[in-house]
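According to UniProt numbering, the residues represented by the sequence shown are 1 to 140, in order. From the three backbone atoms N, C-alpha and C, an ideal C-beta is built for every residue, glycine too. A quick write-up on the structure given underneath.
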Amino acid sequence: MKQRGSSPLLIVVLLLLMGSLLLQASERILRAGMPGGSDEYHYLQDFFQAASSLAWGGQQRWEDHEGWQCRQSPEEGWRSCLLWQTRERGILRGQSANGETLLWRWVQPADAARSRITAIPAGWSDLCPLPDERECRQGL
1 MKQRGSSPLL IVVLLLLMGS LLLQASERIL RAGMPGGSDE YHYLQDFFQA ASSLAWGGQQ
61 RWEDHEGWQC RQSPEEGWRS CLLWQTRERG ILRGQSANGE TLLWRWVQPA DAARSRITAI
121 PAGWSDLCPL PDERECRQGL
C-alpha cells in the first residue's frame, strides 16, 4: 500500500492546536469575570444578612424609650435597631454582619407596652426613609 502524504496527521495537529487556543481564551475570559462574580456574591450575602436581621429584629422584645436601641445576634453577628418615631410607628434597621448593608422597615407596636412590634405591609426600604439621613446612621 502506498501512503499519500500526511494530511490526516496535519488536520489532527491543527485541531489540537485550535482546541488549546480556545481553552486558553476561555480561561482568560473566566479569570477576568471572577472578580465581578465575587463582588456580586458578597453583595448578596450582605443583603440577605440585613434582611435576616430585619426579620430577627421583628421577633425581639424592645423597650419603650426614645432614641435608637439595638440588639446584636451573638450567633450571626448582624444587628437590628429600633427607633420609635411616634407612639404608633417606628423604624427598624437591619444591618449585615460587616455593617456595610443596611435595610429599613416601618413597624408598629403589637402590644400596649410597645415591647413587641409588627411590620407595616410594604414598609421596607433599602434607602434611608428618614428626612435627615444623619439620623439613620446614629447608633451604628
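Around the beta carbon of residue 13, a 10 Å sphere encloses fewer than 16 other beta carbons of the protein chains shown; the residue is thus reported as exposed.
Residue 69 sits close to residue 62, with the two beta carbons spaced by under 8 Å.
A contact is defined here as three or more CB-CB pairs under 8 Å, and the region 11 to 31 fails this definition with respect to the region 41 to 52.
Between residue 54 and residue 91, the C-beta gap is not smaller than 8 Å, which leaves the two residues out of contact. In the DSSP assignment, residue 81 falls within the unbroken beta strand (DSSP E) covering 79 to 84.
Closest in C-alpha terms to residue 111, from the list 123, 89, 98, comes 89. Around the beta-carbon of residue 87, fewer than 16 other beta-carbon atoms lie within 10 Å, marking it exposed. Nearest to residue 72 by C-alpha distance, out of 99, 108, 23, 43, is 99. For residue 70, the enclosing beta strand (DSSP E) covers residues 69 to 72.
Judged by beta-carbon spacing, residue 106 lies beyond the 8 Å limit of residue 93, meaning their Cβ atoms are not closer than that value. Distances from the CA of residue 64 to each of 109, 134, 15, 137 were compared; the closest alpha carbon is that of 109. Counting only the Cα atoms, residue 40 lies some 13 Å from residue 101. Burial is judged here by how many other beta carbons sit within 10 angstroms of a residue's own beta carbon; residue 17 has fewer than 16 and is exposed. CA-to-CA, the gap between residue 114 and residue 95 works out to about 22 Å. Collapsing the DSSP output to three states places residue 8 in a helix.
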